[in-house]
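Q:
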Amino acid sequence: MATGIKDFFKTQDAVPDPNGLIERPLIPLRGLVIFPNTITPIDVPTSPALSAIQIALLKKQTVIGAALRGAFPSQLTLDDLYPIGTEMAVGHMMRLPDDRRNALVQGRRRVQIVEIIQATPYPIVRARPLNDIPALLDETRSLMRSVQERFQRASEFNPSISEDVLAYALNLDSPGVLADLVASTLTLPFEDRQRMLEMPGENERLRHVADLLAQELKMLELKDEISSQVQQEMDRSQREIYLREQMRIIQTELGEQDFFQQEINEVRESILKAELPPEIHEKASRELSRLMMMPPMAPEVGMIRTYIDWLTAIPWVKQSEDNLNLAHAERILEADHYGLRKVKERILEYIAVRKLAGSKMKSPILCFVGPPGVGKTSLGRSIARALGREFVRVSLGGVRDEAEIRGHRRTYIGALPGRIIQTLRRAGTINPVFVLDEVDKLGMDFRGDPSSALLEVLDPEQNHAYSDHYLEVPYDLSKVLFITTANDLDPLPPALLDRLEVIEFSGYTEEEKVAIARNFLLPNQMEAHGLAGTKLSFETRALQEIIRSYTYEGGVRSLNREIANVARKVARRVAEDKPIPRRITAARLPDYLGPPLYLHQLANQEDAVGLATGLVWSYDGGDISVIEVAILPGKGSLTLTGQLGEVMQESAQTALSYVRSRASDYDLPHDDFENYDVHVHLPEGAVPKDGPSAGITLAAAILSAFTECKIRSSFAMTGEITLRGKVLPVGGIKEKVLAARRAHIHKVILPTQNKKDLVDIPPEAMKDLELFFVDDMQQVLDRVLLPPPPDGRKRDAERQENEKSEEALEAAREA
Numbered sequence: 179m180a181t182g183i184k185d186f187f188k189t190q191d192a193v194p195d196p197n198g199l200i201e202r203p204l205i206p207l208r209g210l211v212i213f214p215n216t217i218t219p220i221d222v223p224t225s226p227a228l229s230a231i232q233i234a235l236l237k238k239q240t241v242i243g244a245a246l247r248g249a250f251p252s253q254l255t256l257d258d259l260y261p262i263g264t265e266m267a268v269g270h271m272m273r274l275p276d277d278r279r280n281a282l283v284q285g286r287r288r289v290q291i292v293e294i295i296q297a298t299p300y301p302i303v304r305a306r307p308l309n310d311i312p313a314l315l316d317e318t319r320s321l322m323r324s325v326q327e328r329f330q331r332a333s334e335f336n337p338s339i340s341e342d343v344l345a346y347a348l349n350l351d352s353p354g355v356l357a358d359l360v361a362s363t364l365t366l367p368f369e370d371r372q373r374m375l376e377m378p379g380e381n382e383r384l385r386h387v388a389d390l391l392a393q394e395l396k397m398l399e400l401k402d403e404i405s406s407q408v409q410q411e412m413d414r415s416q417r418e419i420y421l422r423e424q425m426r427i428i429q430t431e432l433g434e435q436d437f438f439q440q441e442i443n444e445v446r447e448s449i450l451k452a453e454l455p456p457e458i459h460e461k462a463s464r465e466l467s468r469l470m471m472m473p474p475m476a477p478e479v480g481m482i483r484t485y486i487d488w489l490t491a492i493p494w495v496k497q498s499e500d501n502l503n504l505a506h507a508e509r510i511l512e513a514d515h516y517g518l519r520k521v522k523e524r525i526l527e528y529i530a531v532r533k534l535a536g537s538k539m540k541s542p543i544l545c546f547v548g549p550p551g552v553g554k555t556s557l558g559r560s561i562a563r564a565l566g567r568e569f570v571r572v573s574l575g576g577v578r579d580e581a582e583i584r585g586h587r588r589t590y591i592g593a594l595p596g597r598i599i600q601t602l603r604r605a606g607t608i609n610p611v612f613v614l615d616e617v618d619k620l621g622m623d624f625r626g627d628p629s630s631a632l633l634e635v636l637d638p639e640q641n642h643a644y645s646d647h648y649l650e651v652p653y654d655l656s657k658v659l660f661i662t663t664a665n666d667l668d669p670l671p672p673a674l675l676d677r678l679e680v681i682e683f684s685g686y687t688e689e690e691k692v693a694i695a696r697n698f699l700l701p702n703q704m705e706a707h708g709l710a711g712t713k714l715s716f717e718t719r720a721l722q723e724i725i726r727s728y729t730y731e732g733g734v735r736s737l738n739r740e741i742a743n744v745a746r747k748v749a750r751r752v753a754e755d756k757p758i759p760r761r762i763t764a765a766r767l768p769d770y771l772g773p774p775l776y777l778h779q780l781a782n783q784e785d786a787v788g789l790a791t792g793l794v795w796s797y798d799g800g801d802i803s804v805i806e807v808a809i810l811p812g813k814g815s816l817t818l819t820g821q822l823g824e825v826m827q828e829s830a831q832t833a834l835s836y837v838r839s840r841a842s843d844y845d846l847p848h849d850d851f852e853n854y855d856v857h858v859h860l861p862e863g864a865v866p867k868d869g870p871s872a873g874i875t876l877a878a879a880i881l882s883a884f885t886e887c888k889i890r891s892s893f894a895m896t897g898e899i900t901l902r903g904k905v906l907p908v909g910g911i912k913e914k915v916l917a918a919r920r921a922h923i924h925k926v927i928l929p930t931q932n933k934k935d936l937v938d939i940p941p942e943a944m945k946d947l948e949l950f951f952v953d954d955m956q957q958v959l960d961r962v963l964l965p966p967p968p969d970g971r972k973r974d975a976e977r978q979e980n981e982k983s984e985e986a987l988e989a990a991r992e993a
């Protein structure tokens, strides 16, 4: 090494030419920055670099080192290099044991690379030496003093800064050399080192180094503080272990019982008392043996104790005896829930098959899908009561971590089993009715996909050996009756949906809601508010008014809330010894509930041009939707307003194309579609609307606007349309038909393929409705369009009048 340092003094800096430029071989550096006035070992990266260094050593010449922006390129260009590099003297080169070459270099001065003048056999560049920009003397002295003080403080924490380097730095009187020396000793990212090299001003570099030293000091002080705390904690733990061991020996000598041994005896007792399968008993015994061999204060003691507690607390064998009496189950289901015929039939079928097949039958995985408040979760509780099983529920809404389902591995501090195992411990049996609520609200992020973790739980072919990350032993979930609930199936992954037997809960009809209020909600609220003895009652019209004007839902949750609102106000009057009404009427509802919250859209009262009534559906129930179409002079564009979704916009475009294809059948001039704009609007613009079911309504309204034939206001319709005029089936038929009835529309047009959906509608809800089933758009138009005006279209008359006026004006000009 000494020989190499002597070689530095033999190498002279390159002498600039008249243009101030020097030419020297280039050593491309990867992720390395050489500061002036520092000695640094470098790896010789390539054969061309090796040749350049060998020639430089032979000629006692300097080389130029510059950092690469990326990997070593096949053809080196200026864009591949950082513009500022360092002129270096090579002092010594050696061969390493792995056959790599290493060279010791001394940075001389900063240079700016101007051009590459030779590529082979090694690159030679032309560069401009850079001089430090001098600064104000007073400021420089202050900055140097600050850097030297901080550097001395950092050396106290950092043993890699030798005393020789520190002494050299403290005695320097050159600000630029001091900044470069200190920067070379700091552990900085490559980008910061290169930025430091590119700073031309001495004071600028000193300020930057001072800031970097301040940050380094903070980190070093924090590291030293943490090390001291760790050492103190280790000393304290060792002292505690020593004292406890002494205490144990003293207790043994005095004949007193060891508390740790007492705890081990309790754990052994819990293992013996628990009903554990042989393999689980063996696992618990092995963990107990590990516990016995550990010192009382070992960190693993608490983890092992918690693990054994979970093994002994989870039910492995205990199960509830099923009550397979069909009449008993039917009574409970009917008493707890009104309607829901399909769901109740499915549960009774399960009980019947269970009664005949016994344990050979695998439990189904049911999925209750429907709007909020229709009784999905509460029906699970009723099923448990009918079967005589325990009922447990887990809400999965917002769960994003897979470990919430499968548990954390025991290596993590504070690890616990997943929600499935935790809930089964709470149930106390291996065959509860287990409701996984809001399964469609599961999230997914970097911590995993919880819905994928449910695949094993909800697969009857796999869940007999369910693996929880914490337990590390298989657990049998096959006897659990899993019921999942969701408001919408769209977010569920196909693999998960394939494992579920979907049972749809449609929204309740108005008649069903009134019956539920009479039989369930009112008695419960009267009892809950202390009004059971008051004989307070609601007339039917009052309940209907609450349903229509104060709630907007498929279920009865809001209805129950509004009834409770009335009950609270009546309870206050009772508590104040004020008279109360015996009967709540529709007229008195605003006194209790305020003005109506929902004003349902009314149907068209008169036949009109470009005005059609459609039927819409959401999870809150059905409603009518008036579609307005206006024809305006323009250039044939289609404007859609009312916050329509992409599907509905495409449906409107399809309807317009269908009308254009039928123009000749209705004597429509083809230039109408080029000379007039079509504006389609759906009122209630703040409410988003989407879906294809308004296709036939849009087509009828657009054709009416062009032909000026009025649409019968007594009709409401729903159905998807194709370009050929075919009418396709849509969803939500029950809710849409009930919405038409609620709006006092007694004629409803439906797609023929939706006839099958009428079975879900109670007969009493259709007694005053007339349904028309269609396959083709022409059938719709024949029903809803009135004959054209006897005097023809107003647009044609206006056009003829304008043409006559123009002809008369032209004739007058010629005259």
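For the sequence shown, the residue numbers in the numbering used here are 179 to 993. Cβ coordinates follow ideal geometry from the N, Cα and C atoms, glycine included.
Could you say which of Ile899, Leu636 and Met895 lies nearest to Pro870 if we only look at CA atoms?
A: Residue numbering aside, residue 870 sits at position 692 when the sequence shown is read from its first letter. For the residues Ile899, Leu636 and Met895, the minimum Cα distance to Pro870 belongs to Ile899.
Q: To the nearest angstrom, how far is the alpha carbon of Asn665 from that of Asp954?
A: Along the sequence shown, read from residue 1 onward, the residue named residue 665 stands at position 487. Along the sequence shown, read from residue 1 onward, the residue named residue 954 stands at position 776. The alpha-carbon atoms of Asn665 and Asp954 are separated by roughly 33 Å.
Q: Please list the segments of the beta strand (DSSP E) lying wholly inside the segment 438-514, counting only runs of 3 or more residues, in order along the chain.
A: Runs of the beta strand (DSSP E) inside the segment 438-514: none found.
Q: Going straight from the alpha carbon of Ile923 to that of Val804, what length do you get?
A: Along the sequence shown, read from residue 1 onward, the residue named residue 923 stands at position 745. Along the sequence shown, read from residue 1 onward, the residue named residue 804 stands at position 626. Their backbone Cα atoms lie some 13 Å apart in a straight line.
Q: Which runs of the beta strand (DSSP E) fall wholly inside the segment 898-956 and span at least 3 residues, in chain order?
A: The qualifying runs are 925-929 and 948-952.
Q: Here's the rule I'm using: 16 or more other beta-carbon atoms within 10 Å means buried, otherwise exposed. How should Met179 be labelled?
A: As a working mapping, residue 179 is identified with position 1 in the sequence shown. Low confidence applies here, because Met179 scores a pLDDT of 45, under 50, leaving its location unreliable; read the following figure in that light. Exposed, since its Cβ has fewer than 16 Cβ neighbours within 10 Å.
Q: Curious, which full-length beta strand (DSSP E) runs of at least 3 residues does the segment 203-278 contain?
A: You should have 217-221, 241-245 and 262-273.
Q: Please work out which residues of its chain come closer than 6 Å, Cβ to Cβ, to Glu265, disregarding the five sequence neighbours upstream and downstream, and give them in chain order.
A: The residue labelled residue 265 in the question sits at position 87 within the sequence shown. Here the set comprises Thr240, Ile242, Arg286, Arg287 and Val289.
Q: On the three-pair Cβ rule with 8 Å, is the segment 368-386 touching the segment 216-225?
A: Counting Cβ pairs under 8 Å, fewer than three are found: no touch.
Q: Extract the residue ranges of the beta strand (DSSP E) inside the segment 832-867, only unbroken runs of 3 or more that lie entirely within it.
A: Segments of the beta strand (DSSP E) lying fully in the segment 832-867: 854-859.
Q: Take Ala363 as the anchor and find which of Ala332, Gly379 and Glu369 has the nearest alpha-carbon.
A: As a working mapping, residue 363 is identified with position 185 in the sequence shown. Sequence inspection shows Thr at residue 363; the Ala mentioned does not correspond to that position. Closest option to Thr363, Cα to Cα, is Ala332.
Q: Please report the Cβ distance between Pro493 and Gly606, rounded to the nearest whole angstrom; I am assuming they are in contact, meaning their Cβ atoms lie under 8 Å.
A: Taking the sequence shown and counting its residues from 1, one reaches residue 493 at position 315. Taking the sequence shown and counting its residues from 1, one reaches residue 606 at position 428. 6 Å between Cβ atoms; contact.
Q: At a threshold of 7 Å, does His642 count as lining the ligand FAD (C-beta to nearest heavy atom)?
A: Among the ligands in the structure shown, none appear at all, so the ligand FAD cannot be discussed.
Q: Skipping 5 residues on each side, what residues in its chain have a beta carbon closer than 7 Å to that of Thr181?
A: Locating residue 181 in the sequence shown gives position 3, counting from the first residue. Any answer about Thr181 is weak, because its pLDDT of 49 lies below 50 and its placement is not dependable; what the coordinates show is given next. The residues are His270.
Q: Using 10 angstroms around the beta-carbon of Gly708, count the other beta-carbons present and answer buried if the total reaches 16, otherwise exposed.
A: To locate residue 708, count along the sequence shown from 1; it is residue 530. Label assigned to Gly708: exposed.
Q: Using the C-alpha atoms, what's the distance from Glu992 back to Ser983?
A: The count along the sequence shown starts at 1 and reaches residue 983 at position 805. The count along the sequence shown starts at 1 and reaches residue 992 at position 814. About 14 Å.
Q: Which partner residues does Met895 have in the DSSP bridge list?
A: If you number the sequence shown from 1, residue 895 lands on position 717. Gly792 and Ile927.
Q: Any idea which residues DSSP pairs Ala562 with across the strands?
A: Here residue 562 corresponds to residue number 384 of the sequence shown, with the count starting at 1. BP columns for Ala562 are empty, so no partner.
Q: When you compare only the Cα positions, how much space is there between Ser324 and Phe335?
A: Locating residue 324 in the sequence shown gives position 146, counting from the first residue. Locating residue 335 in the sequence shown gives position 157, counting from the first residue. If I take the Cα positions, the gap works out to 18 Å.
Q: Among Arg202, Glu317 and Val794, whose alpha-carbon lies nearest the alpha-carbon of Tyr300?
A: The count along the sequence shown starts at 1 and reaches residue 300 at position 122. Cα-wise, what sits closest to Tyr300 is Arg202.
Q: Quick check on Leu700: buried or exposed, where buried means 16 or more other Cβ atoms within 10 Å of its Cβ?
A: The residue you call residue 700 lines up with position 522 of the sequence shown. Leu700 comes out buried.
Q: Note the first and the last residue of the continuous beta strand (DSSP E) segment covering Thr662.
A: Position 484 of the sequence shown, counting from 1, holds the residue named residue 662. That run of the beta strand (DSSP E) goes Leu659 to Ala664.
Q: Is DSSP giving Ala180 helix, strand or coil here?
A: What you label residue 180 is simply residue 2 of the sequence shown in a count that begins at 1. Per-residue confidence for Ala180 stands at a pLDDT of 48, beneath the threshold of 50, marking its modelled position as unreliable; no derived number is given.
Q: So what does Ser340 bridge to, in DSSP terms?
A: Taking the first residue of the sequence shown as position 1, residue 340 is located at position 162. Ser340 is not bridged to any residue.
Q: Suppose you measure from the CA of His857 to the CA of Ser541; what does that come to, to the nearest Å?
A: As a first step, residue 857 must be located in the sequence shown, where it is residue number 679. As a first step, residue 541 must be located in the sequence shown, where it is residue number 363. Cα-Cα distance, rounded: 55 Å.
Q: Which residue or residues does DSSP assign as beta-bridge partners of Thr298?
A: For this step, residue 298 is matched to residue 120 along the sequence shown. Looking at the DSSP assignment, Thr298 forms no beta bridge with any residue, so it has no partner.
Q: Could you check the C-alpha separation between Pro312 and Tyr346 for me, to the nearest Å?
A: As a position in the sequence shown, residue 312 is number 134, starting the count at 1. As a position in the sequence shown, residue 346 is number 168, starting the count at 1. Looking at the two C-alpha atoms, the distance is approximately 22 Å.
Q: Is there contact here, the segment 814-834 with the segment 781-791, by at least three beta-carbon pairs under 8 Å?
A: No, because fewer than three Cβ pairs between the segment 814-834 and the segment 781-791 fall closer than 8 Å, the two stretches do not touch.
Q: Does DSSP put Gly585 in a helix, in a strand, or in coil?
A: Walking along the sequence shown from the start, residue 585 turns up at place 407. Gly585: coil per DSSP, three-state reduction.
Q: Quick one: which unbroken alpha helix (DSSP H) runs of 4-plus residues sit fully inside the segment 309-373? Chain order, please.
A: As far as the segment 309-373 is concerned, its whole alpha helix (DSSP H) runs of at least 4 residues are 315-335, 341-348 and 353-363.
Q: Would you kindly report the start and end of the unbroken alpha helix (DSSP H) that includes Ser541?
A: To locate residue 541, count along the sequence shown from 1; it is residue 363. That residue, Ser541, is in no alpha helix (DSSP H); it is neither H nor E in DSSP.
Q: Does the distance from the C-beta atom of Ile525 to that of Leu502 stay below 8 Å?
A: For the purposes of this step, residue 525 is taken as the residue at position 347 of the sequence shown. For the purposes of this step, residue 502 is taken as the residue at position 324 of the sequence shown. For Ile525 and Leu502, no; Cβs fall outside 8 Å.
Q: Return yes when the Cβ of Val343 is within less than 8 Å of the Cβ of Ala361, no when it is not.
A: In the sequence shown, residue 361 corresponds to position 183, counting from 1. In the sequence shown, residue 343 corresponds to position 165, counting from 1. The answer is no: Cβ separation not under 8 Å.
Q: Since Arg571 is in the beta strand (DSSP E), which residue starts that stretch and which ends it?
A: By 1-based counting over the sequence shown, the position of residue 571 is 393. Unbroken beta strand (DSSP E) run through Arg571: Phe569 to Ser573.
Q: Can you tell me whether Leu901 is buried or exposed? The criterion is at least 16 other CB atoms within 10 Å of its CB, across all chains shown.
A: For the purposes of this step, residue 901 is identified with residue 723 of the sequence shown, where counting begins at 1. It counts as exposed.
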